[in-house]
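Per the working numbering, residue 31 is the first one in the sequence shown, and the count goes up by one each step. Built from N, CA and C at the ideal position, the CB exists for glycine as well.
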Amino acid sequence: MQGSLMTDIPTDGIGVSNDLYAFLQAFFKEHPQLVKNDFYITGESYAGHYIPALASRVHKGNKNKEGNIINFKGFAIGNGLTNPEIQYPAYTQFAVDNKLITKEDQADINKLIPFCVGAAKNYVSKGGESYETALQQCQLIFTNILAIAGNINYYDIRKKCEG
């Protein structure tokens, strides 16, 4: 039995959204006075993988009249990581366009892109521990930009990082 508990933990959008939907149904069963409230799904960064899946699952559940009808009004994703193979390579061009790094810096950092894309593709096909490898490879692009750009707030590049 040891180690078998991990096999039921979902790691894809569909599995996670089904678990979250089951949680929401249980929550609204315990708190029926809240089910009529407007319901929004929000998140940032890696939540970009799960928010669309959960929004779709809530919509499907409402459409099929599964359990409590959730008063779903919308969703928002801030700086969502939805496709690292596309997003991480775009960071260097964004940094050049906004004068955070030079074209020479971009050329150097772009040498990391094949490793990031390869690791991300490997993660999608194999999952599991290769996530850490993909994350480390892709984060090198971002951390190199930040190291060159200096003390910037990466949520608003017009400002300095405070705190």
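If you draw a straight line from the alpha carbon of residue i to that of residue j, how long is it in whole angstroms?
i: Asp68; j: Phe53; result: 17 Å
i: Asn48; j: Asn98; result: 15 Å
i: Tyr185; j: His61; result: 35 Å
i: Asp135; j: Thr163; result: 24 Å
i: Asn140; j: Asn181; result: 21 Å
i: Gly91; j: Tyr70; result: 15 Å
i: Leu64; j: Ile39; result: 28 Å
i: Ala149; j: Lys133; result: 25 Å
i: Gln166; j: Lys95; result: 42 Å
i: Leu176; j: Ile187; result: 10 Å
i: Ile100; j: Lys66; result: 7 Å
For the alpha helix (DSSP H) containing residue i, list its first residue and its last residue.
i: Ile139; result: 133–140
If you check the beta carbons only, do residue i and residue j fall under 8 Å apart?
i: His79; j: Thr112; result: yes
i: Glu74; j: Gly104; result: no
Identify the continuous beta strand (DSSP E) that holds residue i and give its terminal residues.
i: Lys129; result: Per DSSP, Lys129 belongs to no beta strand (DSSP E) and is neither H nor E.
Since residue i and residue j should fall inside the 8 Å C-beta cutoff, what is the C-beta to C-beta distance between them, to a whole number of angstroms?
i: Ile44; j: Ala83; result: 6 Å
i: Gly110; j: Ala77; result: 7 Å
Extract the residue ranges of the beta strand (DSSP E) inside the region 35–115, only unbroken runs of 3 or more that lie entirely within it. Entirely contained in the region 35–115, the beta strand (DSSP E) runs reaching 3 residues are, in chain order, 69–74, 102–108.
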